[in-house]
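One structure is given here, and the rest of the page talks about it.
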Amino acid sequence: MAKRIMIQGTMSGAGKSLLVTALCRIFTQDGHRVAPFKSQNMALNSFVTPDGLELGRAQAVQAEAAGLECDVRMNPILLKPSSDTGSQLIVNGEVRGHYAAAEYFKMKRGLIPDILAAYNGLAAENDIIVIEGAGSPAEINLRADDIVNMGLAEIVNAPVLLAGDIDRGGVFAQLYGTVALLREEERRRVKGTIINKFRGDVELLRPGLRQLEELTRVPVLGVVPWVRADVDDEDSLALCLEQTICGRALDVAVIRLPHISNFTDFAPLDEHPDIGARYVNRTDKLETPDMILLPGTKNTMEDLLWLRDSGLAEAIKAAAEAGIPILGVCGGYQMLGHTLRDPMGVERQGTLPGLGLLPVDTAFTGEKTRARKNAVCVAAPFAGAKLTGYEIHMGKTETDTAPFCRFEDGTTDGAVCGHVFGTYLHGLFDSGELVDRLAQYLAARKGITVSDTPVEPRAAYRNRQYDLLADAVRESLDMPRVYEIMEEYADENTSFRY
426 MAKRIMIQGT MSGAGKSLLV TALCRIFTQD GHRVAPFKSQ NMALNSFVTP
476 DGLELGRAQA VQAEAAGLEC DVRMNPILLK PSSDTGSQLI VNGEVRGHYA
526 AAEYFKMKRG LIPDILAAYN GLAAENDIIV IEGAGSPAEI NLRADDIVNM
576 GLAEIVNAPV LLAGDIDRGG VFAQLYGTVA LLREEERRRV KGTIINKFRG
626 DVELLRPGLR QLEELTRVPV LGVVPWVRAD VDDEDSLALC LEQTICGRAL
676 DVAVIRLPHI SNFTDFAPLD EHPDIGARYV NRTDKLETPD MILLPGTKNT
726 MEDLLWLRDS GLAEAIKAAA EAGIPILGVC GGYQMLGHTL RDPMGVERQG
776 TLPGLGLLPV DTAFTGEKTR ARKNAVCVAA PFAGAKLTGY EIHMGKTETD
826 TAPFCRFEDG TTDGAVCGHV FGTYLHGLFD SGELVDRLAQ YLAARKGITV
876 SDTPVEPRAA YRNRQYDLLA DAVRESLDMP RVYEIMEEYA DENTSFRY
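Quick note: the sequence shown uses the numbering used here, first residue 426, plus one each step.
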């Protein structure tokens, strides 16, 4: 059975996912077989395994950093919020149903056998498992039925490193308060703390670090700097509205939907020196971009109603009438059509008119499509661009217009009507070829010249970023002590049961 280390955080966004990604890379560089593990993830940014199962995007990223293909066992429970109080529950990559928060909390301990089966399977095949917690272990109202923080650490007997986010301020209070709220047996499991996202002179922290160690009786194992590595974020909280790279010739506006999902689809655009992508959720911020992108969403019909209420629906239609290109991906593609029907009550909205910019009609069903895909773009401005991506969607869309792309098996996807485009293919920009074609298309419309240097494929780019991240964490974290901690817990390497 594998050795193990668990990263917990003082809050969501403390940098747990990045630290796990870094450790997966470091241990792999050191010659170990490594796998990430997160028992329960809540995120709208998901990915598809080679066998067509769904897991959190963060675990797919961590697997890639470890040189592995992603495996659904790395994230056996995925919650995809569909409202403020309910989520779609995915267990072992398959949809199990929709649950209100209260319903899920009553039944989640019944998922422990699924969690342990996944964990034990990975542990039997790897040298080290790097476990990621969720939120904070000090959420004492949730402690009784915890299956992702200290509850999981106890079940698999994992030592814990606790990370705090200094960039948000109050990091000493974060770490001390979290440790103070833990039970005594939980405090004994915390073997080190980490100050994350630090910018400045670390010597100025030394007095505080010493006092923190005295108060918590836990050593500080490292002060990790704010790392410039570009690694895919786990959830859309990381998105900054209207953030863009100034001075770029081409302005691309991405609509920031309330239930936006798979927003990492558009990260490769920023790798082109002449494209600046920004996220907007108000009509007065839309202005006159060179292109508008409608992203995926976990709740297409509710977000379509939000588009109308916010005025963005009319603004998008006016932009299309003015000749501005529009591209919709997955849920964004569905919104661009004539009608969206929900005969089975999947999204509980009956029938809604779409934006009417593409001659397509969508009906939601209880069946979810999940598949990896390779394709070639056939839409005239981008024809010939090779695409690699994946589909994750509920619903089937019918159209008799020209398709956006053609898959390897000869089937087609998406729709094109003039300068309005739609596709179900997530990751469509990852190969880099569509980014290049898009830049040339928009530049020609604008009458300007842009760089013709090919954009690096996203996989190669990500691998360089993992090395940058690993180098920074290795340099700032007491890795010899991390290895010692894992060794101290290695004596009980048996299959864990609950």
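Backbone N, C-alpha and C fix where the C-beta goes; we use that ideal spot for every residue, glycine too.
Note that the structure is predicted; figures quoted are calculated from it, not measured.
Can you tell me whether residue i is helix, strand or coil according to DSSP?
{"i": "E667", "result": "Unreliable placement is indicated for E667, whose pLDDT of 47 sits below 50; the coordinate value is still reported in the next sentence. In this structure, E667 counts as coil in the three-state DSSP scheme."}
{"i": "G602", "result": "helix"}
{"i": "T406", "result": "What is shown of the chain runs 426 to 923, which leaves residue 406 out entirely."}
{"i": "S442", "result": "helix"}
{"i": "C495", "result": "coil"}
{"i": "Q774", "result": "coil"}
{"i": "K622", "result": "strand"}
{"i": "R906", "result": "helix"}
{"i": "A796", "result": "strand"}
{"i": "A654", "result": "coil"}
{"i": "L503", "result": "strand"}
{"i": "F829", "result": "coil"}
{"i": "N566", "result": "helix"}
{"i": "L480", "result": "strand"}
{"i": "Y815", "result": "strand"}
{"i": "L587", "result": "strand"}
{"i": "S901", "result": "helix"}
{"i": "I680", "result": "strand"}
{"i": "S920", "result": "Caution applies to S920, whose pLDDT of 49 falls short of 50 and renders its modelled position unreliable; the value that the coordinates give is listed next. Coil at S920, not helix or strand."}
{"i": "G835", "result": "coil"}
{"i": "K616", "result": "strand"}
{"i": "V803", "result": "coil"}
{"i": "Y914", "result": "coil"}
{"i": "N724", "result": "coil"}
{"i": "P644", "result": "coil"}
{"i": "D786", "result": "strand"}
{"i": "P538", "result": "helix"}
{"i": "L711", "result": "helix"}
Using the Cα positions of residue i and residue j, report the straight-line distance between them to the nearest angstrom.
{"i": "A864", "j": "A805", "result": "14 Å"}
{"i": "K441", "j": "Q454", "result": "20 Å"}
{"i": "F814", "j": "K798", "result": "The displayed chain sequence assigns Gly, not Phe, to residue 814. Straight-line Cα distance between these residues: approximately 5 Å."}
{"i": "T824", "j": "C802", "result": "17 Å"}
{"i": "R458", "j": "A678", "result": "41 Å"}
{"i": "I619", "j": "L729", "result": "42 Å"}
{"i": "D657", "j": "Y891", "result": "10 Å"}
{"i": "R498", "j": "V486", "result": "14 Å"}
{"i": "I451", "j": "F691", "result": "28 Å"}
{"i": "P879", "j": "I749", "result": "25 Å"}
{"i": "Q433", "j": "D695", "result": "31 Å"}
{"i": "I591", "j": "F623", "result": "6 Å"}
{"i": "N545", "j": "A578", "result": "14 Å"}
{"i": "I565", "j": "L640", "result": "20 Å"}
{"i": "P720", "j": "A897", "result": "33 Å"}
{"i": "Q599", "j": "E628", "result": "20 Å"}
{"i": "E667", "j": "G756", "result": "Annotation note: pLDDT 47 at E667 (below 50); position unreliable, no value reported."}
{"i": "K811", "j": "L850", "result": "12 Å"}
{"i": "G835", "j": "A800", "result": "9 Å"}
{"i": "R653", "j": "R889", "result": "12 Å"}
{"i": "D861", "j": "I700", "result": "10 Å"}
{"i": "G560", "j": "S735", "result": "31 Å"}
{"i": "L894", "j": "G820", "result": "38 Å"}
Let me check understanding here. Comparing Cα to Cα, which of the options lies closest to residue i?
{"i": "K505", "options": "R498, I515, L752, D496", "result": "I515"}
{"i": "A743", "options": "R642, D590, L711", "result": "L711"}
{"i": "P461", "options": "Y886, G481, M436", "result": "G481"}
{"i": "N500", "options": "Y524, S508, G522, V473", "result": "V473"}
{"i": "G602", "options": "P562, A702, L536", "result": "P562"}
{"i": "S437", "options": "R883, M426, N466", "result": "N466"}
{"i": "Y704", "options": "D676, W731, I554, E609", "result": "D676"}
{"i": "G852", "options": "G560, M911, L737, A796", "result": "A796"}
{"i": "K531", "options": "I554, I572, V555", "result": "I572"}
{"i": "V596", "options": "E557, V649, E900", "result": "V649"}
{"i": "R766", "options": "A895, G522, R613, G791", "result": "G791"}
{"i": "G558", "options": "A915, E746, T435", "result": "T435"}
{"i": "E816", "options": "A543, G839, V907", "result": "G839"}
Quick one: is the Cβ of residue i within less than 8 Å of any heavy atom of the ligand SAH?
{"i": "E639", "result": "The ligand SAH is not part of the structure shown, which contains no ligands of any sort."}
Counting only runs that start and end within the region 729-767, where is the beta strand (DSSP E) found for 3 or more residues in a row? 751-754, 764-766
At least three beta-carbon pairs within less than 8 Å, the region 816-833 to the region 622-636: Result no; under three Cβ-Cβ pairs closer than 8 Å.
Enumerated in chain order, which unbroken segments of the alpha helix (DSSP H) with a length of 4 residues or greater are wholly contained in the region 852-883? 858-871
Tell me, please, whether the region 676-691 touches the region 830-846 by the rule of three or more beta-carbon pairs shorter than 8 Å. Of all C-beta pairs linking the region 676-691 to the region 830-846, fewer than three are shorter than 8 Å, placing the two stretches out of contact.
Three CB pairs or more closer than 8 Å across the region 586-598 and the region 617-632: yes
Could you say if the region 859-876 and the region 777-786 meet the contact criterion of at least three C-beta pairs nearer than 8 Å? no
For the region 783-793 against the region 761-769, do three or more pairs of beta-carbon atoms, one drawn from each stretch, fall closer than 8 Å, so that the two count as touching? yes
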